[in-house]
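Going by the numbering used here, the sequence shown opens with residue 43, and the numbers climb by one from there. Ideal Cβ positions, reconstructed from N, Cα and C, are used throughout, including at glycine. These numbers were taken from a predicted model, which means no experiment stands behind them. First up is the structure itself, then whatever we jot down about it.
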Amino acid sequence: MLKLASVRGAADAVAGPPRPMIARTMSEEERQRRARQRAMSIAAFCQCYDVGRTKAYEELKSGRLRGRKIGRRTVIAEDDAEDWLRHLPAMEVAR
Numbered sequence: 043m044l045k046l047a048s049v050r051g052a053a054d055a056v057a058g059p060p061r062p063m064i065a066r067t068m069s070e071e072e073r074q075r076r077a078r079q080r081a082m083s084i085a086a087f088c089q090c091y092d093v094g095r096t097k098a099y100e101e102l103k104s105g106r107l108r109g110r111k112i113g114r115r116t117v118i119a120e121d122d123a124e125d126w127l128r129h130l131p132a133m134e135v136a137r
């Protein structure tokens with residue numbers, strides 16, 4: 043009879059011991075893939091820029107963030123996302 047391991051035990055057996063977190067360099071293939079990927083979905087934008095969906099749609103509606111339509115889908119170009127980020131007001135330090 044086959045004995046099933048717990049979910050955690052099975053994951054540990056496959057993954058092995060935990061590895062220390064180290065900075066990794068991107069492979070050339072990953073670098074090329076990211077260069078080709080010039081637009082992102084609303085969900086990807088929210089994840090990359092740590093913004094909620096409601097705020098993202100508010101920024102689109104106000105015109106501060108530029109979106110593009112592909113059929114029913116809204117995408118945001120990387121350049122537009124970076125322009126939006128650069129034009130956010132700088133935070134003032136209280137003394």
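Pair within 7 Å by beta-carbon distance, residue 108 and residue 92 = Along the sequence shown, one-based indexing puts residue 108 at 66. Along the sequence shown, one-based indexing puts residue 92 at 50. Using a Cβ distance threshold of 7 Å, residue 108 and residue 92 do not count as a contacting pair.
Under the rule that 16 or more other beta-carbon atoms within 10 Å means buried, what is residue 46, buried or exposed?
-> Within the sequence shown, the letter at position 4 stands for residue 46. Note that residue 46 scores a pLDDT of 45, beneath 50, so its modelled location is shaky; the value from the coordinates is reported in the next line. Using a 10 angstroms sphere on the CB of residue 46, the tally of other CB atoms stays under 16, which defines it as exposed.
Start-end ranges of the beta strand (DSSP E) lying completely within the segment 77–136, minimum 3 residues = Uninterrupted beta strand (DSSP E) stretches at least 3 residues long and entirely within the segment 77–136 occur at 81–83, 110–112 and 115–119, given in chain order.
Can you check whether the CB of residue 87 is closer than 7 Å to the CB of residue 118?
-> The residue you call residue 118 lines up with position 76 of the sequence shown. The residue you call residue 87 lines up with position 45 of the sequence shown. Taking 7 Å as the Cβ cut-off, residue 118 and residue 87 qualify as a contacting pair.
Taking Cβ positions, are residue 120 and residue 80 nearer each other than 7 Å?
-> Position 78 of the sequence shown holds residue 120. Position 38 of the sequence shown holds residue 80. In this structure, residue 80 lies closer than 7 Å to residue 120 by Cβ.
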